[in-house]
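Spelled out as structure tokens, the structure:
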């Protein structure tokens, strides 16, 4: 059993690149994942992959930059 089994993870920048891969790896390791980024369409795609791995995915389109 993974140390992440049954845990919750929040990943910013989860729509693509490193953020997406981190979110997917958390899901592979058994965590449910909250995915945050600006692009909702790409977030939904990542969330679908998380769900296909049997984990819960929550999507929130946000901009966390400090203007």
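Numbering (the working numbering), first residue to last: 20 to 86. All residues carry an ideal CB built from backbone N, CA and C; glycine is no exception. These figures come from a predicted structure and were not determined experimentally.
Residue nearest to residue i in terms of C-alpha spacing, selected from the options
{"i": "residue 54", "options": "39, 20, 86", "result": "39"}
{"i": "residue 68", "options": "20, 44, 21", "result": "44"}
{"i": "residue 75", "options": "49, 85, 22, 37", "result": "49"}
{"i": "residue 71", "options": "57, 62, 47", "result": "47"}
{"i": "residue 42", "options": "86, 77, 84, 20", "result": "77"}
{"i": "residue 60", "options": "52, 73, 79, 51", "result": "79"}
{"i": "residue 62", "options": "33, 20, 51", "result": "33"}
{"i": "residue 28", "options": "51, 83, 37, 21", "result": "51"}
{"i": "residue 84", "options": "35, 56, 65, 64", "result": "56"}
Helix, strand or coil at residue i according to DSSP, with G and I counted as helix
{"i": "residue 69", "result": "helix"}
First and last residue of the uninterrupted beta strand (DSSP E) at residue i
{"i": "residue 79", "result": "76 to 80"}
One or two residues paired with residue i in a DSSP bridge
{"i": "residue 27", "result": "51"}
- Taking the runs of the alpha helix (DSSP H) that are 4 residues or longer, which of them lie wholly in the region 29 to 57? 36 to 47
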